[in-house]
Amino acid sequence: MLKYFKQGWLVIAISLAFGALLAGVQLTLGPKIKENQITKSYNRIPLLLLGQDKVNGAKIVIAGDKITVDRDGKAETTLTVQKPENPLDYDVYKVFNGDKQLGWVVLGKGNGYADEVVCLIGLSPDLKTITGVSVISQKETPNLGSKIQSPWIYQFAGKAANPPLEVVKNRTASPDNNKIDAISGATISSDSLTAIVNQTVAKFVGDVEKLKFASAAAEEK
Amino acid sequence: MPDNNGPTAFERFINGILPENPTYRQVLGMCPTLAVTATMKASMTMAGAVAFVLICSNIIVSLIRHLIKPHLRILVFTLIIATFVTIADKFLAAFMPDMSDQLGPYIPLIIVNCIIICRCEVCAAKQSVGPAIADAVGQSIGFALGLSTVATVRELLASGSWFGIELFWNGSATEGYRWAIMGLAPGAFLTLGLLMGLANWLSAKFEKKAA
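Same order as they appear, the protein sequences are chains A and B.
The working numbering puts the first sequence at residues 12 to 232.
The working numbering puts the second sequence at residues 95 to 305.
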């Protein structure tokens with residue numbers, strides 16, 4: 012027994028010391044990392060619900076559950092985010108502009124061409140219109156599939172939530188309400204993102220009745 | 095084992111940069127060299143993370159080198175390296191979230207980066223803290239040099255930019271001439287192969303001149 016301890020005491024000592032060190036690092040940086048993830052989602056909410064015109068060139072300030080769109084140092088719009096009291100297995104944000112509900116923002120996940128794609132989907136309060144889609148995490152092929160993060164994605168804004176969106180390869184002359192133009196060279200990435208949007212919207216339409224929100228703001232429609 | 099029977103601190107430092115360059119001479123750490131060199135920004139973040147881990151683990155290994163039992167050394171090295179890699183990973187996630195997302199699994203993979211374990215074994219486990227730090231700094235600079243040469247070629251050809259800055263006055267004019275493949279895996283292999291050939295050719299030329 013003593014023999015083994017003589018051989019291995021350094022390994023045990025190092026493990027304990029480094030374990031404590033890592034616990035300290037996690038305690039210090041953990042909240043910051045969590046905050047980064049929330050900030051990342053909240054930063055996209057104005058773009059998803061207000062549209063790109065209102066956001067371009069403006070600064071987004073996040074304080075708790077309030078998101079302010081600042082233009083030239085003046086607060087242009089202030090949004091309030093509510094999270095459901097009974098969280099689903101995916102993130103849902105109910106967003107208000109003053110007392111009026113501006114819309115919903117729902118997190119969608121699924122497989123892309125290379126790895127998981129995570130996106131946020133903006134929906135109108137009546138869930139009939141997609142107000143925008145924004146990719147928050149992807150590892151698609153650089154310069155091809157990664158274009159799902161480019162302005163290409165703005166074409167989702169204004170599409171009807173039902174029937175499901177369809178990807179087409181050749182730009183059609185008439186802007187159809189459920190057609191998405193594929194990115195050339197990245198059909199699979201375009202298909203995957205569209206499928207994620209379709210699935211998430213369908214799932215959320217089924218789940219929305221189950222959600223409970225703090226009463227004060229929720230009664231206003 | 096007598097101390098400092100190896101090269102001096104200065105020799106270690108210089109050796110790491112060119113004569114024993116990790117990328118072109120030792121051919122170590124090929125995983126990040128191929129995987130993250132599509133852009134300059136990602137490469138330099140990786141080089142910084144490797145430098146941090148390498149310097150810290152060389153210091154610790156050098157300090158405890160008399161206590162390490164020879165047959166347990168790899169275990170101890172791995173423990174030390176893994177700890178600093180985890181710290182680097184958390185630090186990036188907290189303060190550089192975009193880079194952390196982009197580099198994804200390649201930061202945790204520094205644990206198995208041969209450069210670090212090789213420097214622990216070759217230098218830090220045998221020499222005192224001074225040469226160990228000089229060695230780590232030299233090797234880190236050498237590695238950063240290796241990554242940046244590959245990344246410069248790839249980013250320039252694939253996106254016409256350097257450090258994310260468009261190099262041509264009219265960015266959209268070059269759009270048709272970009273080689274998307276240079277940003278992908280084959281581009282990494284091609285660039286690395288050609289640059290390594292160039293490095294070998296240059297060093298052969300210099301050796302001939304000296305002889």
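Glycine included, each C-beta is placed from N, C-alpha and C at the ideal position.
Treat the numbers as computed from the prediction; the structure is a model and nothing was measured.
Any Cβ of chain B within less than 7 Å of the Cβ of residue i?
i: residue 16 of chain A; result: no
i: residue 159 of chain A; result: no
i: residue 128 of chain A; result: no
i: residue 154 of chain A; result: yes
i: residue 146 of chain A; result: no
i: residue 77 of chain A; result: no
i: residue 43 of chain A; result: yes
i: residue 230 of chain A; result: Note that residue 230 of chain A scores a pLDDT of 46, beneath 50, so its modelled location is shaky; the value from the coordinates is reported in the next line. Not an interface residue.
What residue does the beta strand (DSSP E) around residue i start on, and which one ends it?
i: residue 105 of chain A; result: 103-108
i: residue 214 of chain B; result: Here residue 214 of chain B belongs to no beta strand (DSSP E), and DSSP marks it neither H nor E.
i: residue 93 of chain A; result: 85-93
i: residue 149 of chain A; result: Per DSSP, residue 149 of chain A belongs to no beta strand (DSSP E) and is neither H nor E.
i: residue 74 of chain A; result: 70-74
i: residue 80 of chain A; result: 77-82
Give a yes or no on whether the minimum CB-CB distance between residue i and chain A is below 7 Å.
i: residue 277 of chain B; result: yes
i: residue 274 of chain B; result: yes
i: residue 290 of chain B; result: no
i: residue 246 of chain B; result: no
i: residue 132 of chain B; result: yes
i: residue 95 of chain B; result: Its pLDDT being 43, under 50, residue 95 of chain B is placed unreliably in this model, and the value from its coordinates should be taken loosely. Closer than 7 Å: no.
If the cut is a Cβ gap below 7 Å, which residues of chain A does residue i touch?
i: residue 220 of chain B; result: Per Cβ cutoff of 7 Å: no residues; residue 220 of chain B is ~17 Å from chain A at best.
i: residue 162 of chain B; result: 21
i: residue 177 of chain B; result: 29, 32, 33
In the DSSP assignment, find the alpha helix (DSSP H) that holds residue i and state where it starts and stops.
i: residue 243 of chain B; result: 223-253
i: residue 173 of chain B; result: 167-189
i: residue 211 of chain A; result: 198-218
i: residue 144 of chain B; result: 134-157
Would you mind telling me which residues of chain B sit closer than 8 Å to residue i, beta carbon to beta carbon, in chain order?
i: residue 40 of chain A; result: 184, 185, 187, 188
i: residue 51 of chain A; result: 191
Name, please, each residue of chain B whose Cβ falls closer than 9 Å to the Cβ of residue i.
i: residue 257 of chain A; result: Not covered by the structure: residue 257 of chain A. The range shown for chain A is 12 to 232.
i: residue 47 of chain A; result: 187, 188, 189, 191, 194
List the residues of chain A whose Cβ lies closer than 9 Å to the Cβ of residue i, in chain order.
i: residue 174 of chain B; result: 25, 29
What does residue i reach in chain B if we use C-beta pairs closer than 7 Å?
i: residue 36 of chain A; result: 181, 184
How would you list, in chain order, the residues of chain A whose beta-carbon sits under 8 Å from the beta-carbon of residue i?
i: residue 250 of chain B; result: Result: empty, since nearest Cβ-Cβ is about 13 Å, beyond 8 Å.
i: residue 170 of chain B; result: 21, 22, 25
How many whole angstroms separate the CB atoms of residue i and residue j, which I take to be in contact at a CB cut-off of 8 Å?
i: residue 129 of chain A; j: residue 147 of chain A; result: 5 Å
i: residue 234 of chain B; j: residue 148 of chain B; result: 6 Å
i: residue 151 of chain A; j: residue 157 of chain A; result: 5 Å
Where DSSP assigns a beta bridge to residue i, which residues make up the other side?
i: residue 259 of chain B; result: B:256
i: residue 133 of chain A; result: A:116, A:143
i: residue 191 of chain A; result: A:178
i: residue 122 of chain A; result: A:127
i: residue 171 of chain A; result: A:140
Can residue i be considered in contact with the ligand NAD, in the sense that its beta carbon sits closer than 6 Å to one or more heavy atoms?
i: residue 188 of chain A; result: No copy of the ligand NAD appears in this structure; indeed no ligand is present at all.
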